[in-house]
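Shown next, in structure tokens, is the structure this report addresses.
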Amino acid sequence: EVQLVESGGGLVQPGSSLKVSCVASGFTFSSYVIHWFRQAPENGIEWLAYITSDSANTHYAETVRGRFTISRDNAKNTVDMQLSSLRSEDTAMYFCARESSGVGFDYWGQGVMVTVSS
Amino acid sequence: DIVMTQGALPNPVPSGESASITCQSSKSLLHSNGKTYLNWYLQRPGQSPHLLIYWMSTRASGVSDRFSGSGSGTDFTLKISSVEAEDVGVYYCQQFLEYPLTFGSGTKLEIK
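In the order they appear, the protein sequences are chains P and X. According to the numbering used here, the residues represented by the first sequence are 115 to 232, in order. According to the numbering used here, the residues represented by the second sequence are 829 to 940, in order.
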């Protein structure tokens with residue numbers, strides 16, 4: 115069974131950093147591009163970043179470029195995203211998802227909540 | 829960035845009736861390869877999004893044939909025939925043509 119499980123969320127102060135992680139199982143992790151999304155409370159879905167299967171390429175949304183960093187470890191079936199210089203507007207549920215190449219996002223994690231507040 | 833605009837539903841929709849959700853993109857999603865890069869997702873309450881339709885009209889694996897997608901390069905419709913209780917949630921369209929990937933604001937479906 116394909117599974118993606120996020121962890122690492124929590125309550126942090128503005129300006130601080132946090133790492134969220136996504137652990138995958140049930141498929142050949144090293145063959146897939148992985149993306150991160152977020153959804154603020156009662157809001158829509160925002161795409162944040164992706165990392166290719168071999169880590170050769172990453173791409174970020176303008177809203178997080180320079181503050182968030184995505185990375186992966188294929189030996190551990192894990193994709194991390196380091197969140198830095200956090201702002202109140204970064205408060206959201208963060209999801210990782212597997213890209214079915216050229217199709218869409220066929221598996222999503224259950225999400226991890228990040229709250230930025232003083 | 830490509831802006832995705834979704835229409836609303838006249839909620840609640842009576843069980844067994846059909847429902848159509850519209851989505852409009854600010855740029856044609858038709859690629860030179862002939863595919864239209866428009867996806868539909870359902871997010872049930874308290875859950876993560878679930879892929880329903882890709883390439884505008886292709887149902888994802890395991891998705892009921894009550895769901896169908898259609899449209900042109902910029903105007904799209906998701907039709908749900910004979911809505912059921914399990915269809916409740918928020919439906920999102922999403923463009924997969926170019927980055928940044930963008931979603932519509934969502935259309936809520938309630939069942940009567």
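No residue lacks a Cβ here, since even glycine has one placed at the ideal position from N, Cα and C.
Around the beta carbon of residue 186/P, a 10 Å sphere encloses 16 or more other beta carbons of the protein chains shown; the residue is thus reported as buried. Going by DSSP, residue 150/P is part of the beta strand (DSSP E) stretching over 148-153. Residue 917/X sits buried, since 16 or more C-beta atoms from the chains shown fall within 10 Å of its C-beta. Contact annotation: residue 135/P and residue 122/P have beta-carbon atoms nearer than 7 Å. At a C-beta separation below 8 Å, residue 170/P has no neighbours in chain X, since its nearest C-beta there lies roughly 16 Å away. DSSP, reduced to helix, strand and coil, places residue 121/P within a strand of the structure shown. Neighbourhood of residue 159/P in chain X, by CB distance below 7 Å: 877, 920, 931, in chain order. Ranking 142/P, 153/P, 139/P, 193/P by CA distance to the CA of residue 204/P puts 153/P first. Going by DSSP, residue 159/P is part of the beta strand (DSSP E) stretching over 159-165. Here residue 877/X is buried. Its C-beta has 16 or more other C-beta atoms within 10 Å. Listed in chain order, the non-local C-beta contacts of residue 856/X below 6 Å within the same chain comprise 901, 902, local neighbours out to five positions each way being set aside. Contacts with chain P at 7 Å (Cβ-Cβ) include residue 867/X. Per DSSP, residue 206/P is one residue of the beta strand (DSSP E) stretching across 206-214.
Take residue 145/P, set aside five residues on each side of it, and the residues of its chain with a beta-carbon closer than 6 Å to its own are 167, in chain order. When C-alpha distances from residue 882/X are compared across 860/X, 874/X, 899/X, 846/X, the shortest belongs to 899/X. Scanning the region 874-922 of chain X from its first residue to its last, the whole beta strand (DSSP E) runs of 3-plus residues come out as 878-882, 895-899, 903-908. The C-beta distance from residue 182/P to residue 163/P rounds to 6 Å, short enough to fall under 8 Å. Apart from the 5 residues on each side of it in sequence, residue 174/P sits with its Cβ closer than 6 Å to the Cβ of 163 in its chain, given in chain order. Annotated three-state conformation of residue 145/P is helix, per DSSP. Under a criterion of Cβ atoms nearer than 7 Å, the residues of chain X adjacent to residue 220/P are, in order, 879, 888. One finds 218 in chain P with Cβ atoms closer than 7 Å to the Cβ of residue 924/X, taken in chain order.
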